[in-house]
Amino acid sequence: MDDTFYFSEQNLAVRDTVREFARDHVAPVAAKLDAEGKFLWENVRRMGELGLLGVPWPEELGGAGLDITSYIIAIHEMAKVDASHAITISAHTTLGTSPIVKFGNDEQRHRYVPLLASGKVLGGFGLTEPSAGSDAGGTRTRAEKRGDRYVLNGSKIFITHGGVGEIFVVTAVTDATRGTKGISSFILTKPTTDLDSARAVGVGHDESLPAMKGFRAGKKEDKLGWRSSDTRELVFEDVEVPEENLLGREGEGFTNFMQTLDSGRIGIGALSLGIAEGAYEEALKYASIRKQFGKPIADFQGIQFQLSDMATEIEAGRHLVFHAAWLAQHGKPFGKEAAMAKLFCSELAMRATTKAVQIHGGYGYTKDYPVERMMRDAKICEIGEGTSEIQRLVIGRHILREVAG
Ligand SMILES: Cc1cc2nc3c(=O)[nH]c(=O)nc-3n(C[C@H](O)[C@H](O)[C@H](O)COP(=O)(O)OP(=O)(O)OC[C@H]3O[C@@H](n4cnc5c(N)ncnc54)[C@H](O)[C@@H]3O)c2cc1C
Numbered sequence: 342m343d344d345t346f347y348f349s350e351q352n353l354a355v356r357d358t359v360r361e362f363a364r365d366h367v368a369p370v371a372a373k374l375d376a377e378g379k380f381l382w383e384n385v386r387r388m389g390e391l392g393l394l395g396v397p398w399p400e401e402l403g404g405a406g407l408d409i410t411s412y413i414i415a416i417h418e419m420a421k422v423d424a425s426h427a428i429t430i431s432a433h434t435t436l437g438t439s440p441i442v443k444f445g446n447d448e449q450r451h452r453y454v455p456l457l458a459s460g461k462v463l464g465g466f467g468l469t470e471p472s473a474g475s476d477a478g479g480t481r482t483r484a485e486k487r488g489d490r491y492v493l494n495g496s497k498i499f500i501t502h503g504g505v506g507e508i509f510v511v512t513a514v515t516d517a518t519r520g521t522k523g524i525s526s527f528i529l530t531k532p533t534t535d536l537d538s539a540r541a542v543g544v545g546h547d548e549s550l551p552a553m554k555g556f557r558a559g560k561k562e563d564k565l566g567w568r569s570s571d572t573r574e575l576v577f578e579d580v581e582v583p584e585e586n587l588l589g590r591e592g593e594g595f596t597n598f599m600q601t602l603d604s605g606r607i608g609i610g611a612l613s614l615g616i617a618e619g620a621y622e623e624a625l626k627y628a629s630i631r632k633q634f635g636k637p638i639a640d641f642q643g644i645q646f647q648l649s650d651m652a653t654e655i656e657a658g659r660h661l662v663f664h665a666a667w668l669a670q671h672g673k674p675f676g677k678e679a680a681m682a683k684l685f686c687s688e689l690a691m692r693a694t695t696k697a698v699q700i701h702g703g704y705g706y707t708k709d710y711p712v713e714r715m716m717r718d719a720k721i722c723e724i725g726e727g728t729s730e731i732q733r734l735v736i737g738r739h740i741l742r743e744v745a746g
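Per my numbering, residue 342 is the first one in the sequence shown, and the count goes up by one each step.
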């Protein structure tokens with residue numbers, strides 16, 4: 342893919358910035374953070390300073406004021422080096438901030454978006470519950486209207502930034518008789534669980550955000566991959582949420598969250614593609630250096646075939662991801678293309694990382710090389726923000742609708 346044909350000068354400048362940041366500040370620590378399951382606030386501060394935590398939001402809201410393609414490039418480029426850093430950008434921006442930008446009123450936008458877009462605090466999105474995963478309409482968290490507030494009870498699981506974050510958009514049932522039309526969304530705030538580290542680095546906490554009584558982070562997940570990304574339960578026990586924190590109108594929460602996931606899929610497609618490319622680059626490098634039978638293993642046709650398949654699929658993935666980003670940027674429908682990009686690239690990430698480990702032989706199975714981490718990081722891409730099976734259902738629905746005219 343000829344980058345200069347598809348990307349503007351500004352897009353390429355973003356790519357160079359992220360590439361440099363990932364090389365200098367992420368690559369040297371990625372393996373250690375993965376081993377320790379540690380979230381690195383210093384890099385959150387640096388990403389905030391570079392504008393990477395608010396790429397597509399207007400400057401008047403504290404964002405970088407860039408286009409969607411720039412944002413997708415940032416996720417893609419970061420994921421080539423470390424998927425955990427890439428999901429911080431993606432979950433914070435698309436899941437945590439975009440619902441407020443898109444569905445919030447002026448007051449909500451001006452109150453919360455500058456804090457999020459600048460990277461002063463982290464945001465998250467609470468949809469998944471213990472018994473409502475793929476079937477997100479099965480939400481059990483309740484929001485009962487009492488006077489000028491709602492009282493929330495329930496819990497969410499697997500929430501990215503659940504512990505480290507301070508601003509969350511979450512869904513809750515306001516009218517149990519109306520199915521998904523009875524689900525609303527709310528903005529909730531709590532202090533970060535990492536107060537000391539956040540204070541020491543100067544980001545992650547804002548005193549002006551109310552600590553809502555009864556709203557807290559629960560168990561931290563010990564995960565296969567994305568190990569330096571924080572994933573937790575969120576618990577709501579009689580949380581009093583002022584009515585001005587209702588996002589959009591009552592009953593619009595489910596539709597708004599589904600729209601948010603549509604855009605999120607372009608980001609996860611880009612993240613998956615980045616992992617695949619990172620693994621491919623490592624495999625290519627290794628195959629040129631590693632000698633067996635008196636020559637570099639890259640000279641063997643069996644290895645070349647694997648590299649050729651990886652390169653071809655990556656090229657196809659790039660077209661899917663950046664085409665979906667282009668559609669979104671130009672205000673055209675992109676739901677089907679986003680699901681296709683996510684489906685193809687997440688499955689590609691698994692195939693490419695598995696091949697990269699294979700090309701590294703026994704060394705690939707150790708922590709001496711990054712490909713084993715990349716393989717572990719790839720798996721969740723087939724699960725989060727809608728599993729591969731759900732993407733196929735979404736694509737199927739689009740196709741059938743097109744056929745029906
Ligand atoms: C690291 C991580 C981060 C996450 N971050 C967030 C977050 O920030 N916010 C958030 O809200 N959620 C988040 N999630 C949750 C994630 O989106 C869900 O795990 C995912 O949507 C799947 O739901 P589930 O785990 O309940 O699986 P289930 O829905 O129980 O699915 C189990 C299996 O059944 C299949 N299945 C289900 N329904 C169908 C069907 N109709 N047809 C065919 N197959 C089907 C699925 O594809 C899957 O293979 C995160 C999860 C992880 C692991």
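Glycine is no exception: its CB is placed at the ideal position from the N, C-alpha and C atoms. Computed from a predicted model, the values in this text were never measured in an experiment.
Are the beta-carbon atoms of residue i and residue j separated by less than 8 Å?
i, j, result
"A577", "I524", "One detail in the question is off: residue 577 reads as Phe in this sequence, not Ala. Not a contact, by the Cβ cut-off of 8 Å."
"G778", "V544", "For the chain, the structure presents residues 342 to 746; residue 778 sits outside this window and is missing."
"I609", "S687", "yes"
"F663", "L587", "no"
"R573", "A552", "no"
"A682", "I731", "no"
"T434", "V385", "no"
"K696", "Q633", "no"
"G378", "R540", "no"
"A529", "F556", "Rather than Ala, the amino acid found at residue 529 in this sequence is Leu. Yes; because the gap between Cβ atoms is below 8 Å, this pair is in contact."
"L402", "G460", "no"
"K497", "E470", "yes"
"L612", "S729", "no"
"P399", "N597", "no"
"A693", "Y627", "no"
"T533", "H546", "yes"
"G503", "L575", "yes"
"T512", "G445", "no"
"E383", "R490", "no"
"R738", "L684", "no"
"D579", "A679", "no"
"A427", "I416", "yes"
Beta strand (DSSP E) containing residue i: first to last residue?
i, result
"V511", "I508 to V514"
"F577", "T572 to P583"
"I638", "Careful: I638 lies outside any beta strand (DSSP E) and carries neither H nor E."
"A558", "F556 to K561"
"F348", "Taken as a continuous stretch (DSSP letters only), F348 belongs to no beta strand (DSSP E), as it is neither H nor E."
"F527", "I524 to T530"
Span of the alpha helix (DSSP H) holding residue i?
i, result
"H414", "First, the residue type needs correcting, since residue 414 is Ile and not His in the sequence shown. Its alpha helix (DSSP H) spans residues I409 to V422."
"K626", "G594 to I630"
"L741", "S729 to A745"
"S538", "L536 to V542"
Any chance the CB of residue i is under 7 Å from a heavy atom of ligand 2?
i, result
"E507", "By its list of ligands, the structure shown excludes ligand 2, since it contains just ligand 1."
Is the shortest distance between the beta-carbon of residue i and the beta-carbons of chain C less than 8 Å?
i, result
"E743", "The structure shown contains no chain C; it is built from a single protein chain."
Query raised in the report: Does the region 661 to 675 touch the region 404 to 420, meaning 3 or more C-beta pairs lie closer than 8 Å?
Result: yes
Query raised in the report: Does the count of Cβ pairs from the region 449 to 466 and the region 503 to 514 closer than 8 Å reach three?
Result: When Cβ pairs closer than 8 Å are counted between the two stretches, the region 449 to 466 is seen to touch the region 503 to 514, the count reaching three or more.
Query raised in the report: Can you list the alpha helix (DSSP H) stretches of 4 or more residues lying completely in the region 353 to 405, in chain order?
Result: 371 to 377 and 382 to 390
Query raised in the report: Which ranges does the beta strand (DSSP E) cover as unbroken runs of at least 3 residues, wholly within the region 440 to 520, from first to last along the chain?
Result: 464 to 467, 483 to 487, 490 to 501 and 508 to 514
Report task. Pick out the complete alpha helix (DSSP H) segments inside the region 659 to 726, 4 residues or longer, and give them in chain order. Result -> 676 to 701 and 712 to 720
Query raised in the report: Would you say the region 476 to 487 touches the region 347 to 363, given that touching needs at least three Cβ pairs under 8 Å?
Result: no
Query raised in the report: Counting Cβ pairs, one atom from each stretch, are 3 or more of them under 8 Å apart for the region 364 to 380 and the region 701 to 718?
Result: yes
Query raised in the report: Any chance the region 625 to 639 sits against the region 720 to 727, with 3 or more Cβ pairs inside 8 Å?
Result: no
Report task. Please confirm if the region 613 to 624 is in contact with the region 648 to 663, defined as three or more CB-CB distances below 8 Å between the two stretches. Result -> With a cut-off of 8 Å, the region 648 to 663 and the region 613 to 624 count as touching, because enough Cβ pairs lie within range.
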